[in-house]
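Numbering (this note's numbering), first residue to last: 1063 to 1361.
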């Protein structure tokens, strides 16, 4: 059971669907339109017109008429019927700069599907004009490679064909399944995978610990930072009847005192200075020689 849309089969059939006296593809857009027509013919669509309003065209074996590319390379139009549907289908290819826009529509329902490609991703401009009947110039060269033909056919099936005529029955034909090769984590913005959920993130500067872990502490402060302000966060002192300490229990409150980390961590423990003078610190900071209340707290 062979695949009717196999790239080698499409490339071999395409020249036979061009006018017998004019089998030259003048541009990549000619090749694109001829490729789409070949796909439709391989799935038993019958060409009945080159626009959306003229009388039906009598085309033996789906061979294109001589004027099939009279509007090239700006636009191409094909109208089809199919034995498995009562509808008529219109396929239009439009050149848009370096891109090509392809539309497919079921005329009686106005159901419209479309896709857009960069033309040079699938066709080699340097190979045109391309004589499709020439044995010295393989037609596949105009399409870069058979793999690119397969890529385009798969995309055309997914975006247009199977949406216009779903469940099409043809021996060897299978509908395209949309899939993503990238893991789900890679679809997110860079750096987002390590961030906590927005509705559970802690305040700025405080690490997030989920409540269901044993070390969860809403007042936790990273160990690399001084424990500054901890006592200010405790709403109730250890003795509710005792007035709060001026400097907090550990000197880490909002009041700056001799035990505050900005002094303690920089100066270290009291020690003798030059000649034993000036190395220590008194209870109010400084060198310890001033009497009590001889200087304001923290001076």
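For each residue, glycine too, the CB sits at the ideal point set by N, CA and C.
At the level of alpha carbons, what is the spacing between residue i and residue j?
| i | j | result |
| --- | --- | --- |
| residue 1235 | residue 1105 | 8 Å |
| residue 1094 | residue 1190 | 12 Å |
| residue 1201 | residue 1171 | 37 Å |
| residue 1257 | residue 1217 | At residue 1257 the pLDDT is 47, less than 50, meaning the model places this residue with poor confidence; the figure from the coordinates comes in the next sentence. Approximately 35 Å between the Cα atoms of the pair. |
| residue 1205 | residue 1215 | 12 Å |
| residue 1074 | residue 1088 | 18 Å |
| residue 1124 | residue 1168 | 19 Å |
| residue 1392 | residue 1083 | No information on residue 1392 is available, as it lies outside the stretch 1063 to 1361 that the chain covers here. |
| residue 1149 | residue 1166 | 13 Å |
| residue 1208 | residue 1120 | 31 Å |
| residue 1162 | residue 1239 | 23 Å |
| residue 1151 | residue 1188 | 33 Å |
| residue 1221 | residue 1130 | 24 Å |
| residue 1228 | residue 1132 | 31 Å |
| residue 1173 | residue 1115 | 17 Å |
So, with DSSP's three-state summary, where would you put residue i?
| i | result |
| --- | --- |
| residue 1381 | Past the boundaries of the shown model lies residue 1381; the chain is included only from 1063 to 1361, so the question cannot be answered. |
| residue 1112 | coil |
| residue 1219 | helix |
| residue 1214 | helix |
| residue 1071 | helix |
| residue 1085 | coil |
| residue 1189 | helix |
| residue 1195 | coil |
| residue 1140 | strand |
| residue 1098 | helix |
| residue 1104 | helix |
| residue 1128 | coil |
| residue 1152 | strand |
| residue 1168 | strand |
| residue 1065 | coil |
| residue 1182 | helix |
| residue 1162 | strand |
| residue 1208 | helix |
Does the separation of the CB atoms of residue i and residue j fall below 8 Å?
| i | j | result |
| --- | --- | --- |
| residue 1230 | residue 1146 | yes |
| residue 1181 | residue 1160 | yes |
| residue 1225 | residue 1175 | yes |
| residue 1113 | residue 1139 | yes |
| residue 1126 | residue 1099 | yes |
| residue 1081 | residue 1128 | yes |
For residue i, which residues of its own chain have a beta-carbon under 8 Å away from its beta-carbon, when the five flanking residues on both sides are left out?
| i | result |
| --- | --- |
| residue 1066 | 1104, 1105, 1232, 1233, 1234, 1235 |
| residue 1072 | 1097, 1100, 1101, 1104, 1211, 1215 |
Which residues in the same chain as residue i place their Cβ atom closer than 6 Å to its Cβ, once the five residues preceding and following it in sequence are excluded?
| i | result |
| --- | --- |
| residue 1212 | 1069 |
| residue 1164 | 1155, 1177 |
| residue 1237 | 1224 |
| residue 1179 | 1162 |
| residue 1184 | 1210, 1214 |
Go through its chain and collect everything with a Cβ distance to residue i's Cβ below 7 Å, but skip five positions before and after it.
| i | result |
| --- | --- |
| residue 1134 | 1088, 1089, 1091, 1092 |
| residue 1195 | 1077, 1085 |
| residue 1186 | 1203, 1204, 1206 |
| residue 1193 | 1085, 1086, 1199 |
| residue 1111 | 1118, 1119, 1141 |
| residue 1250 | In this prediction, residue 1250 scores a pLDDT of 35, lower than 50, which makes its location untrustworthy; the coordinate-derived value is nonetheless stated afterwards. Answer for residue 1250: no residue qualifies. |
| residue 1122 | none |
Around the C-beta of residue i, are 16 or more other C-beta atoms found within 10 angstroms, so that it is buried, or is it exposed?
| i | result |
| --- | --- |
| residue 1158 | exposed |
| residue 1141 | buried |
| residue 1203 | exposed |
| residue 1198 | exposed |
| residue 1064 | exposed |
| residue 1079 | buried |
| residue 1262 | Any reading at residue 1262 is ruled out, since the residue's pLDDT is 49, under 50, leaving its predicted position unreliable. |
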